[in-house]
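Participant:
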Amino acid sequence: MLLPCEVAVKCVLPSVRAMLAKTLTTKHNLKQAEAAKLLGVSQPAISLYDRKIRGTAINLENDPEITKLIEDLADSLVKGESSHKDFIQAFCEICKTIRAKGLLCQVHKSLDPQIDIEKCELCTVTDPLKCM
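Residue numbers are given in our numbering: position 51 of the sequence shown equals residue 1526, and the series is strictly consecutive.
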């Protein structure tokens, strides 16, 4: 049985990083090495995101709210306005938003067939004090 956070680590984290990398390299014209340093990953990881070899489990680009959150995070990273704590909080907010929208459900079901996504409400909790 996979926990939602395990699915998020496997699928959401790389997808968000891929969008962040794309935003940093296209909108902000950073080199892959510069984007990698800001995200705390390697330059080859940025290349894999760019070539869509990594970070494609969930397509987040069609969701305007997620896109805005990612663009805001990229902007704050480039401006140097984001502390380590701020980065983590923003990333977690993006993940919680993805989960609350049900964007993780089908992926979770494909990885763990025992999950009944019609009855599961773990990810749609709106109380910010609850991680789920």
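Just so it is clear, CB atoms sit at the ideal spot from N, CA and C, and this is done for glycine as well.
For the segment 1520–1530 against the segment 1488–1501, do three or more pairs of beta-carbon atoms, one drawn from each stretch, fall closer than 8 Å, so that the two count as touching?
Facilitator: Touching, yes.
Participant: At which residues does the alpha helix (DSSP H) containing residue 1583 begin and terminate?
Facilitator: 1580–1586 is the extent of the alpha helix (DSSP H) around residue 1583.
Participant: Closest to residue 1562 by CA distance: which of 1546, 1575, 1532, 1574 is it?
Facilitator: Checked all of 1546, 1575, 1532, 1574; the closest Cα to residue 1562 is 1546.
Participant: Could you check what DSSP says for residue 1516 in three-state terms: helix, strand or coil?
Facilitator: Coil.
Participant: Going straight from the alpha carbon of residue 1586 to that of residue 1525, what length do you get?
Facilitator: The straight-line gap from Cα to Cα measures roughly 25 Å.
Participant: Determine the closest residue to residue 1576 out of 1549, 1484, 1564, 1537, with distance taken between C-alpha atoms.
Facilitator: The shortest C-alpha separation from residue 1576 is found at 1537.
Participant: Express the C-alpha separation of residue 1556 and residue 1512 in angstroms, rounding to a whole number.
Facilitator: Approximately 15 Å between the Cα atoms of the pair.
Participant: Identify, in the order they occur along the chain, each residue of the same chain with its Cβ nearer than 7 Å to the Cβ of residue 1572, setting aside the five sequence neighbours on each side.
Facilitator: Contacts found: 1540, 1541, 1544.
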